[in-house]
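First to last, the protein sequences are chains A and B. Counting from 1, position 106 in the first sequence corresponds to residue 106 in the working numbering; the numbering is continuous, with no gaps. Counting from 1, position 152 in the second sequence corresponds to residue 152 in the working numbering; the numbering is continuous, with no gaps. Take a look at the structure set out below.
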Amino acid sequence: MDIILGIRVADGTIIATSKAATRGISVLKDTDDKTRPLNARNLIAYTGESGDTVQFAEYIQANVQLYSMRENDIELSPKATASFVRNQLASSLRSRKPYQVNVLIGGYDVKTDTPSLNWIDYLGTQVELPYGAHGYAAFYATSLLDKHYRKDMKVDDGLALLKLCLKELETRMPIDFKGVYVKVVNKDGIKEIEGY
Amino acid sequence: MSGYDSALSIFSPDGHVFQVEYASEAVKRGTCAVGVKGKECVVLGCEKRTTLKLQDPRITPSKICKIDNHALLVFAGLNADARILVDKARVEAQSHRLTLEDAVSIEYLTKYVAGVQQKYTQSGGVRPFGIATIIAGFDSNDTVPKLYQTEPSGVYNAWKAHAIGKSSKTVREFLEKHYEEELDDEKTVKLTIKSLLEVVQTGAKNIEVSVLKAGNVIQTLDEDEIKKYVDEIEAEKEAESEKKKKTRD
Chain A
1 MDIILGIRVA
11 DGTIIATSKA
21 ATRGISVLKD
31 TDDKTRPLNA
41 RNLIAYTGES
51 GDTVQFAEYI
61 QANVQLYSMR
71 ENDIELSPKA
81 TASFVRNQLA
91 SSLRSRKPYQ
101 VNVLIGGYDV
111 KTDTPSLNWI
121 DYLGTQVELP
131 YGAHGYAAFY
141 ATSLLDKHYR
151 KDMKVDDGLA
161 LLKLCLKELE
171 TRMPIDFKGV
181 YVKVVNKDGI
191 KEIEGY
Chain B
1 MSGYDSALSI
11 FSPDGHVFQV
21 EYASEAVKRG
31 TCAVGVKGKE
41 CVVLGCEKRT
51 TLKLQDPRIT
61 PSKICKIDNH
71 ALLVFAGLNA
81 DARILVDKAR
91 VEAQSHRLTL
101 EDAVSIEYLT
111 KYVAGVQQKY
121 TQSGGVRPFG
131 IATIIAGFDS
141 NDTVPKLYQT
151 EPSGVYNAWK
161 AHAIGKSSKT
171 VREFLEKHYE
181 EELDDEKTVK
191 LTIKSLLEVV
201 QTGAKNIEVS
211 VLKAGNVIQT
221 LDEDEIKKYV
231 DEIEAEKEAE
241 SEKKKKTRD
């Protein structure tokens with residue numbers, strides 16, 4: 001029931017994640033950040049089986065950091081990061097207990113000056129998309145994104161489109177997800193946007 | 001000596017494990033490395049071996065290695081052994097962050113590296129690492145500079161200033177004579193370079209220096225910056241010897 005949404009625009013990638021952490025009939029927390037920064041320009045947003053999610057995301061985070069330590073401070077590119085994550089999930093699938101985690105990776109490649117959004121599910125399916133979501137959020141948001149998305153949008157246009165999607169989710173989702181954290185990944189790094 | 005030095009698993013009658021001591025000999029042949037603590041910084045310096053003609057100095061790996069955002073390691077001895085030990089340290093640093101949600105303290109890191117070195121003095125079919133390391137940095141949310149040293153036996157010590165490798169005795173004696181507590185950043189860098197110049201005759205192009213400060217600040221000095229210090233030091237030496245000459249006449 002968690003919401004993770006991503007929109008890739010011309011100069012960055014926007015990631016929105018719901019704030020509610022619910023167990024059964026109780027909302028434990030309304031300030032739950034469902035993302036982890038992997039390096040300066042790569043953000044992973046996760047959803048899925050409670051526990052698996054954070055374990056997996058932090059494991060990826062540690063490995064991406066280790067890569068930079070080994071390779072003279074070189075940052076793994078978003079494409080390489082996504083491939084690594086996908087590979088880990090694909091291996092996990094045929095293990096005794098697979099990670100039931102779906103992720104979105106928002107990244108910015110400084111070498112080619114392009115933002116990217118990678119959608120990866122627990123089976124190890126990976127696609128690079130202009131916009132996407134995991135879970136029920138996709139059912140509500142995809143048609144809006146199909147209709148209003150333009151390739152040449154800037155971050156501000158993207159945020160406006162995001163607001164439209166959130167309005168739809170607030171209206172039609174049967175549960176209160178307590179709002180979202182919005183983060184933008186661009187050439188300057190990862191920044192949280194206030195006021196959502 | 002004969003017969004008691006052929007394996008790690010043999011003590012000599014007077015309590016030496018010769019293989020470990022021979023490893024220290026390998027360290028003594030390695031290029032010199034030095035570490036000096038200041039009031040708010042730790043400075044690491046090392047001798048860069050003169051490059052052969054076709055070697056590319058810009059991208060040949062440095063002996064000063066980043067273990068984590070807040071810790072550096074410099075070594076003396078067998079470069080290849082160092083590569084393995086440095087990698088183990090890097091993995092441990094990230095592993096610690098993952099499981100304890102906190103960065104390693106400099107002592108923890110040193111204890112770990114020393115622990116690995118010790119393991120290789122008490123195992124079958126292996127030889128000790130032929131390196132001594134100097135590990136420097138600041139613990140998270142702390143402003144106290146830290147400087148440690150490990151050796152092939154697995155012993156580790158904390159130091160205010162230390163040198164390892166070739167001619168390290170000369171450098172250490174120099175440091176003992178000239179070290180002062182709580183030096184500022186510039187004076188600490190100058191002392192580091194001055195002590196290295198005792199053994200590195202060829203000057204700035206064969207010296208590497210890195211400065212660590214609290215809050216994950218790691219600064220590697222480039223050749224021009226080092227040359228400035230070297231020129232300053234040489235000028236002072238000139239002035240000293242001029243003064244001596246004048247008072248003699």
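Positions of the beta carbon are idealized from the N, C-alpha and C atoms, including for glycine. All of these numbers come straight from a predicted model, not from anything done at the bench.
**Asked** Mind checking residue 93 of chain A: buried by the 16 CB within 10 Å criterion, or exposed?
**Response** For this step, residue 93 of chain A is matched to residue 93 along the first sequence. Burial call: exposed.
**Request:** Quick one: which unbroken alpha helix (DSSP H) runs of 4-plus residues sit fully inside the segment 10–84 of chain A? Chain order, please.
**Result:** 52–70
**Prompt:** Where does residue 102 of chain A fall in DSSP's three states?
**Reply:** Here residue 102 of chain A refers to the residue found at position 102 when the first sequence is read from its first residue. It is a strand residue.
**Prompt:** Since residue 50 of chain A contacts residue 79 of chain A with CB under 8 Å, what's their CB separation in whole angstroms?
**Reply:** Your numbering for residue 50 of chain A matches position 50 in the first sequence. Your numbering for residue 79 of chain A matches position 79 in the first sequence. Actually they do not touch by this definition, with Cβ atoms about 30 Å apart.
**Asked** For the putative contact between residue 131 of chain B and residue 82 of chain B, defined by C-beta atoms under 8 Å, what is the C-beta separation to the nearest angstrom?
**Response** Sequence index remark: in the second sequence, residue 131 of chain B carries index 131 (1-based). Sequence index remark: in the second sequence, residue 82 of chain B carries index 82 (1-based). Confirmed, Cβ separation roughly 5 Å.
**Asked** Comparing the C-beta of residue 98 of chain B with each C-beta of chain A, is any distance below 7 Å?
**Response** Locating residue 98 of chain B in the second sequence gives position 98, counting from the first residue. By this cut-off, residue 98 of chain B is an interface position.
**Item:** Selection from B:38, B:157, B:113 that minimises the alpha carbon distance to residue 93 of chain B
**Value:** Stepping through the second sequence from its first residue, residue 93 of chain B is reached at position 93. Comparing Cα-Cα distances from residue 93 of chain B to each of B:38, B:157, B:113, the minimum goes to B:113.
**Item:** Option in B:46, B:240, B:204 with minimal Cα separation from residue 228 of chain B
**Value:** Position 228 of the second sequence holds residue 228 of chain B. The residue with the shortest Cα to Cα distance from residue 228 of chain B is B:204.
**Asked** Any idea which residues DSSP pairs residue 36 of chain B with across the strands?
**Response** Looking up residue 36 of chain B in the second sequence gives position 36. Paired residue(s): B:43, B:161.
**Asked** Who are the near neighbours of residue 6 of chain A in its chain, counting only those whose CB is closer than 8 Å to its CB and skipping five residues on each side?
**Response** Looking up residue 6 of chain A in the first sequence gives position 6. The answer, listed in chain order, is 13, 14, 15, 16, 45, 104, 106, 117, 119, 129, 131, 132, 133.
**Asked** Per DSSP, what kind of secondary structure is residue 185 of chain A in: helix, strand or coil?
**Response** As a first step, residue 185 of chain A is located in the first sequence; it is residue number 185 there, counting from the start. Correct three-state label for residue 185 of chain A: strand.
**Asked** Of all the options B:208, B:161, B:217, which has the alpha carbon lying nearest to the alpha carbon of residue 230 of chain B?
**Response** Translated into positions along the second sequence, residue 230 of chain B becomes position 230. It is B:208.
**Message:** Measuring straight from C-alpha to C-alpha, what distance separates residue 189 of chain A and residue 103 of chain B?
**Reply:** In the first sequence, residue 189 of chain A corresponds to position 189, counting from 1. In the second sequence, residue 103 of chain B corresponds to position 103, counting from 1. Cα-Cα distance, rounded: 22 Å.
**Asked** Pick from B:79, B:71, B:120: whose alpha carbon is nearest that of residue 138 of chain B?
**Response** Position 138 of the second sequence, counted from the start, is the residue given in the question as residue 138 of chain B. With respect to the C-alpha of residue 138 of chain B, the residue from B:79, B:71, B:120 having the closest C-alpha is B:71.
**Message:** I need the boundaries of the alpha helix (DSSP H) containing residue 118 of chain A, first residue and last residue.
**Reply:** Counted from its first residue, the first sequence places residue 118 of chain A at position 118. Note, residue 118 of chain A: premise wrong, no alpha helix (DSSP H); beta strand (DSSP E) at 114–120.
**Residues near residue 266 of chain B in its chain [Cβ-Cβ closer than 8 Å; skip 5 each side]** = With chain B represented from 1 up to 249, any question about residue 266 of chain B goes unanswered, as that position is not in the structure.
**Request:** For residue 65 of chain A, count neighbouring C-beta atoms within 10 Å of its own C-beta (all shown protein chains included) and say buried if the count is 16 or more, exposed if not.
**Result:** The count along the first sequence starts at 1 and reaches residue 65 of chain A at position 65. By the 10 Å Cβ count, residue 65 of chain A comes out buried.
**Request:** Measuring only between beta-carbons, confirm whether residue 94 of chain B sits less than 7 Å from chain A.
**Result:** On the second sequence, position 94 is the one that residue 94 of chain B refers to. Judged by the 7 Å Cβ criterion, residue 94 of chain B is in contact with chain A.
**Request:** Measuring only between beta-carbons, confirm whether residue 83 of chain B sits less than 7 Å from chain A.
**Result:** Within the second sequence, residue 83 of chain B is the residue found at index 83, counting from 1. No, its Cβ sits nowhere closer than 7 Å to a Cβ of chain A.
**Message:** Going by the DSSP bridge assignment, what does residue 165 of chain A pair with across the sheet?
**Reply:** Taking the first sequence and counting its residues from 1, one reaches residue 165 of chain A at position 165. According to DSSP, which records beta bridges pairwise, residue 165 of chain A is partnered with nothing at all.
**In DSSP terms, what residue 66 of chain B is bridged to** = As a first step, residue 66 of chain B must be located in the second sequence, where it is residue number 66. Answer by DSSP bridge pairing, in chain order: B:72.
**Asked** Can you find at least 3 beta carbon pairs, one from the segment 181–197 of chain B and one from the segment 54–68 of chain B, that sit closer than 8 Å?
**Response** no
**Item:** Cβ of residue 69 of chain A within 7 Å of any chain B Cβ
**Value:** For this step, residue 69 of chain A is matched to residue 69 along the first sequence. So, interface residue.
**Message:** Does any residue of chain B have a CB that is nearer than 7 Å to the CB of residue 170 of chain A?
**Reply:** Along the first sequence, one-based indexing puts residue 170 of chain A at 170. No, residue 170 of chain A does not count as interfacial toward chain B.
**Asked** Going along the chain, which residues of the segment 53–66 of chain A sit with their C-beta nearer than 9 Å to a C-beta in chain E?
**Response** Among the chains of the structure shown, chain E does not appear; the protein chains present are A and B.
**Prompt:** What residue from B:246, B:234, B:243, B:210 has the CA that sits closest to residue 64 of chain B's CA?
**Reply:** As a position in the second sequence, residue 64 of chain B is number 64, starting the count at 1. Out of B:246, B:234, B:243, B:210, B:210 has the C-alpha closest to the C-alpha of residue 64 of chain B.
**Prompt:** Just how far apart, CA to CA, sit residue 171 of chain A and residue 81 of chain A?
**Reply:** One-based indexing of the first sequence puts residue 171 of chain A at position 171. One-based indexing of the first sequence puts residue 81 of chain A at position 81. Going by the C-alpha atoms only, they are around 35 Å apart.
**Message:** For residue 129 of chain A, list the residues DSSP reports as bridge partners.
**Reply:** Here residue 129 of chain A corresponds to residue number 129 of the first sequence, with the count starting at 1. Answer by DSSP bridge pairing: none, since residue 129 of chain A is not bridged.
**Item:** Member of A:75, A:86, A:180, A:110 whose CA lies at the smallest distance from the CA of residue 38 of chain A
**Value:** The residue labelled residue 38 of chain A in the question sits at position 38 within the first sequence. Per the Cα distances, A:75.
**Request:** Could you check which residue in B:35, B:24, B:10 has the C-alpha nearest to that of residue 159 of chain B?
**Result:** Residue mapping note: residue 159 of chain B aligns to position 159 of the second sequence, counting from 1. Cα-wise, what sits closest to residue 159 of chain B is B:35.
**Asked** Which of helix, strand or coil does DSSP assign to residue 180 of chain A?
**Response** In the first sequence, the residue the question calls residue 180 of chain A occupies position 180. Looking at residue 180 of chain A - three-state DSSP - the assignment turns out to be strand.
**Within the segment 84–156 of chain B, ranges of the alpha helix (DSSP H) (whole runs, at least 4 residues)** = 106–119
**Asked** Which class does residue 158 of chain A belong to by DSSP, given the choice of helix, strand or coil?
**Response** Counting from 1 along the first sequence, the entry for residue 158 of chain A is found at position 158. Note: residue 158 of chain A maps to helix in three-state DSSP.
**Request:** Could you check how far apart the C-beta atoms of residue 30 of chain B and residue 169 of chain B are, in whole angstroms? I think they sit under 8 Å.
**Result:** For the purposes of this step, residue 30 of chain B is taken as residue 30 along the second sequence, with counting starting at 1. For the purposes of this step, residue 169 of chain B is taken as residue 169 along the second sequence, with counting starting at 1. With a Cβ gap of about 14 Å, residue 30 of chain B and residue 169 of chain B do not count as contacting.
**Item:** CB contact check: residue 58 of chain B to chain A, cutoff 7 Å
**Value:** Mapped onto the second sequence, residue 58 of chain B falls at position 58. No - not a single Cβ of chain A is within 7 Å of the one on residue 58 of chain B.
**Asked** Going by C-alpha distance, which of B:174, B:108, B:121, B:32 is nearest residue 136 of chain B?
**Response** Counting from one through the second sequence, the residue named residue 136 of chain B turns up at place 136. Looking from the CA of residue 136 of chain B, the closest CA among B:174, B:108, B:121, B:32 belongs to B:108.
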